[in-house]
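There are 2 protein chains.
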Amino acid sequence: MILQSEKAKSLILEIFSNLSVNNQVAQLCAEGLVQTSLRGIDTHGIRLVPHYVAAIESGRLNPKPNIQFEKTSSSTGILDADHTLGYAAGVIAIQHAIELANESGAGFISVKNSSHCGALAYPCLKACEEGMIGLGFTHATSRMKSPGSNREFFGTNPLCFTAPMEKEDPFCFDSSPTMIPFHKIFHHRETQTELPEGSAADLEGKETTDPFKAVQLLPIGDYKGFGWSMMVDILAGLLSGMPVGKDISQMYGDITQKRYLGHFFGCIRVDVFQPVKKFKSRLQELAEKVRKESKKDEESLNMVPGDPEKKCLEDRLKNGIPVSDEDYNKLNTLFIKTIGKGIK
Amino acid sequence: MILQSEKAKSLILEIFSNLSVNNQVAQLCAEGLVQTSLRGIDTHGIRLVPHYVAAIESGRLNPKPNIQFEKTSSSTGILDADHTLGYAAGVIAIQHAIELANESGAGFISVKNSSHCGALAYPCLKACEEGMIGLGFTHATSRMKSPGSNREFFGTNPLCFTAPMEKEDPFCFDSSPTMIPFHKIFHHRETQTELPEGSAADLEGKETTDPFKAVQLLPIGDYKGFGWSMMVDILAGLLSGMPVGKDISQMYGDITQKRYLGHFFGCIRVDVFQPVKKFKSRLQELAEKVRKESKKDEESLNMVPGDPEKKCLEDRLKNGIPVSDEDYNKLNTLFIKTIGKGIK
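Residue numbers (this note's numbering), protein chains in the order written: chain A, 136 to 479; chain B, 136 to 479.
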């Protein structure tokens, strides 16, 4: 099934309005969900709407938060997200980071009392509109098998790095330190296909390609991915004073409980190091050189981080967002139940 | 053979003095080389002395640099290293970053006209002495096979992240996004042993475990390690205005040519987000929890980034730095030739 992005956004906004979600929070979250779907990151896009709605109804997510910002130095601050929707917390944080960077060169915001913040790219890309580099970090539920152990400790803790380019949307490296994302296990269960070799482990920590046995994710580069994950937990969890490691709450399960997640966002001005125009054109040139490299075979593409998402965005803006029958039905049922009208 | 660290440092300082290296640069570089060897990162330790000496004599490295610092905002600045020894450039940069962070919360320094900066951990660990998080990034010669291509484009571009702990030396994640470092290929050639599966490729881009055929390194997590490497080149190369990607100069080869490398260093104060004492004790607790995880087998250890280096440091401070016969002879010959006395 296909959903047009504008239609999706207006339905989500109607739902949020019906649930009395604060207008700014609703706008930012709806835009974040739709933009993320448009960029092809379906796991963090509009299919999360039923989950977010359930979490608002159950009391986990605060629709009318008292979001507080405290500036703690000329380049740093703390944002208390008051358990609202994480997409909104991320953008509000990056807006403060931009303001601080405009004043002092760089801005870093620790976000506390937050929840699932969706795709880090959504707030981080906004830094580039101001000629800045964007940085984002968030921790997540314990899912990554530790190299020396037979079980998981840290999460799929992603980092996002964005930088403005001359002739196209920004460079965007938004990545987790695990070989595959957790939802890929579900996907392989549905399609009854084997997982890629070396990507997951079973309950006893043994590598497996059987999606029905897989419950842990393997880090990229073994101890290197593990180190990356711990670094992100330090930035997102320890700097914000939130729980870390195995103490991080589950996304699903008991959704009456607040999540107490932390994030860390930063903006660094380009113009304090290089003329922005020169930086953008050199990054453009670098990306084009990568894309023009000799291909290893006919099917291969030489891409830079963010290229698949840019291609997807262009396609989906024109042709709409493809949604699985299951997700379509869930969304449609939810819309009818909540706002009395379906997608069509 | 065994070299005592104090002896090694004094001999290196005598050599640098003999070559009329500026005193501050000599002190920082000698300390960096010895500390790095003590921490077990032998590739970036004292075995580099003959290379650095040859590079000073050939005119690549500037022994009497006019290092210039320009503050460009209250939290940023640019350091022109004037082609001096990179170890010194790194520490001088982090000292400026610390000063800026003390004033404004965070400090970021772009270093230009630099050279091989050794182990990023050496400057980054200094941030932790001031209760700050340290960050370091440097680009390097093109060595990493691009995922879509049959040849290399980016380098082994490392990032380093340090954070202060309560009862021990700082947390230190200093890592490259390739499966193995390039020197490991040489090591396997010497010992005539196979490389680990999935770590290297030959001239045509085909995966190989034959160290005599291996010339390219594979990224961790395929496109993820590639993205990390490009991110680091943007920070280290583009922000500093230095050459990037394949245009980065070679470390060996024609050592009369200056390298024109760039680095990026940052310090973020902990106390603007959390009480430093609380942060340190929570990080301590987190590390200890990781170390106490169930082991996957008898031989395995649950470690946090920096643990092997801490263990090595303790051992080598007591028992000295083990050096291969080849490196020992090279160093000894150099010492005798330059300062008229050998290691013994």
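Every residue, glycine too, gets a C-beta built ideally from N, C-alpha and C.
Counting only the same chain and skipping the five closest in sequence on each side, list residues whose C-beta sits under 6 Å from that of V407/B. G240
Does A241/B have its Cβ less than 8 Å from a Cβ in chain A? yes
Check whether the Cβ atoms of M267/B and R404/B lie closer than 8 Å to each other. yes
My assumption, with CB atoms under 8 Å, is that T276/B sits in contact with Q385/B. Please give the rounded CB distance. 5 Å
Using a cut-off of 9 Å between C-beta atoms, extract the partners of F347/B located in chain A. Result: empty, since nearest Cβ-Cβ is about 22 Å, beyond 9 Å.
Would you call the region 248 to 261 of chain A in contact with the region 162 to 173 of chain A, where contact means no fewer than 3 C-beta pairs closer than 8 Å? yes
So, are the CB atoms of I191/A and P198/A less than 8 Å apart? yes
Can you give, in chain order, each stretch of the alpha helix (DSSP H) that sits fully within the region 149 to 219 of chain A and has at least 4 residues? 158 to 173 and 184 to 192
Cβ of T273/A within 7 Å of any heavy atom in the ligand GTP? Looking for the ligand GTP in the displayed structure turns up nothing, as the structure carries no ligands at all.
Shortest alpha-carbon distance to G180/B belongs to which of K472/B, K479/B, Y463/B and I471/B? Y463/B
Anyone know if the C-beta pair for K455/A and L138/A falls short of 8 Å? For clarity, residue 455/A is Gly in the given sequence; the question names Lys instead. For G455/A and L138/A, yes; Cβs fall inside 8 Å.
Along chain A, which residues have their Cβ under 8 Å away from the Cβ of E428/B? S281, G283, S284, R286 and F288
Given that a residue counts as buried once 16 or more other Cβ atoms are within 10 Å of its Cβ, and exposed if not, what is I229/B? buried
Cα-Cα separation, D309/B to L396/A: 26 Å
Which stretch, first to last residue, makes up the alpha helix (DSSP H) that contains I244/B? I244/B -> not in any alpha helix (DSSP H); beta strand (DSSP E) instead, spanning A241 to S249.
Partners in chain A for F272/B, counting only beta-carbon separations shorter than 8 Å: Correct list: empty, because the minimum Cβ distance to chain A is about 11 Å.
What does DSSP give as the partner residue(s) for I268/A in the beta ladder? I403/A
Report the option in S284/A, N201/A, S208/A and L436/A whose CA atom is closest to the CA atom of E434/B. S284/A
Which word fits N158/A, buried or exposed, when buried means at least 16 other C-beta atoms lie within 10 angstroms of its C-beta? exposed
So is H318/A buried or exposed if we call it buried at 16+ other beta carbons inside 10 Å? exposed
Host alpha helix (DSSP H) of C447/B (start-end): D442 to N454
S364/A and F289/A: beta carbons closer than 8 Å? yes
Exposure of C460/A, with buried meaning 16 or more beta-carbon neighbours within 10 Å: Strictly speaking, residue 460/A in this sequence is Asp, with Cys absent from that position. Under this definition D460/A is an exposed residue.
Tell me, to the nearest whole angstrom, how far the beta carbon of A216/B is from that of N248/B; I am working on the premise that it is less than 8 Å. 5 Å
In terms of residues, what are the limits of the beta strand (DSSP E) holding F347/B? That residue, F347/B, is in no beta strand (DSSP E); it is neither H nor E in DSSP.
Going by DSSP in three states, S310/A sits in which element: helix, strand or coil? strand
is_contact[I229/A, chain B] using C-beta, thresh 8 Å: no
Contact criterion: CB-CB distance below 8 Å. Does F204/A meet it with respect to chain B? no
What is the DSSP secondary structure of I137/B, reduced to helix, strand or coil? strand
What do you reckon, are the CB atoms on T313/A and T291/A nearer than 8 Å? yes
Cβ separation of I390/A and R195/A, assumed to be a contact under 8 Å, to the nearest whole Å: 5 Å
Are the CB atoms of L352/A and I383/A within a distance shorter than 8 Å? no
Residue closest to A189/B, alpha-carbon to alpha-carbon, out of Y387/B, K348/B, N467/B and L146/B: Y387/B
On the criterion of 16 or more Cβ atoms from any shown chain inside 10 Å, does T468/B qualify as buried, or is it exposed? exposed
Closest by C-alpha distance to K472/A, when choosing among A232/A, N153/A, A336/A and F361/A: N153/A
Distance, Y358/A Cα to K415/B Cα: 23 Å
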